[in-house]
Amino acid sequence: MMRKKWLSLMLAVSFMFTGTVMFPAQLSRASNVDAVVSVDTDTVIIDDYMGVGLQWDPSDVHDYTDEEWELFMERVEFLKPKWVRCMIHDSDSYAVDYDLENDRPVYDWESPLMKRTYQILDYCQENDVAVMFGEWDDPASRGAIKHSGIDEDDIRWPMMIADCLNE
């Protein structure tokens with residue numbers, strides 16, 4: 085819950101200054117502008133600034149056609165992201181069931197969502213794009229292993245995440 089509040093705050097601050105630039109048509113309406121803006125191109129404030137990244141998740145709606153994927157890749161190439169946040173749902177991506185008798189998840193590393201995830205991760209690796217990889221919800225919230233009873237406080241969930249990262 086706290087993460088959602090921080091994300092909302094960060095987004096609000098990011099968009100707070102959107103549209104504050106005055107364009108020539110607006111300048112005629114401005115009165116008594118006495119500010120001077122200087123840009124020092126010789127001074128770097130943050131050496132490792134990565135700019136604005138992308139939220140790039142595998143679609144859980146449908147498989148991309150070759151044409152859709154090509155168009156999507158053209159758009160990503162145009163943006164040239166330095167980092168990507170890729171989020172998945174474990175129970176829809178790789179944990180397809182939970183074996184209650186043996187107390188362990190059943191994985192499918194070749195599911196349609198994982199294949200789309202691999203496409204994203206392959207692109208990022210080939211193009212030196214940093215990735216922040218994560219999961220949206222705990223397994224009990226949705227998908228095929230909802231019956232497992234695993235929630236955000238259960239030690240089995242980070243173990244599943246570790247299995248995914250190892251894969």
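At position 22 of the sequence shown the residue is numbered 106 (my numbering), and the sequence of numbers has no breaks. The beta-carbon is built from N, C-alpha and C at its ideal position, and this holds for glycine as well.
Take the alpha-carbon of Lys164 and the one of Gln139: they are about 13 Å apart. The DSSP assignment places 167-172, 179-183, 188-191 as complete runs of the beta strand (DSSP E) inside the segment 159-206, in order along the chain (cut-off: 3 residues). Selection Met134, Ala214, Trp153 evaluated against Gln203 yields Trp153 as nearest (Cα-Cα).
Boundaries of the alpha helix (DSSP H) around Met244: 240-250.
For Glu236, same chain residues with a beta-carbon under 7 Å away, outside a window of 5 residues either side, are Asp222 in chain order.
Taking C-beta atoms as the reference points, Met198 and Ser177 count as a pair closer than 8 Å.
In the three-state scheme derived from DSSP, where H, G and I count as helix and E and B as strand, Glu219 is classed as strand.
Here Cys208 has Val168, Val215 as same chain residues with Cβ atoms under 6 Å from its own Cβ, once five neighbours each way along the sequence are excluded.
For Ala214, the beta-bridge partners assigned by DSSP are Trp167. Judged by beta-carbon spacing, Pro196 lies beyond the 8 Å limit of Asp141, meaning their Cβ atoms are not closer than that value. When the beta-carbon positions are compared, Glu219 and Met171 come within less than 8 Å of each other.
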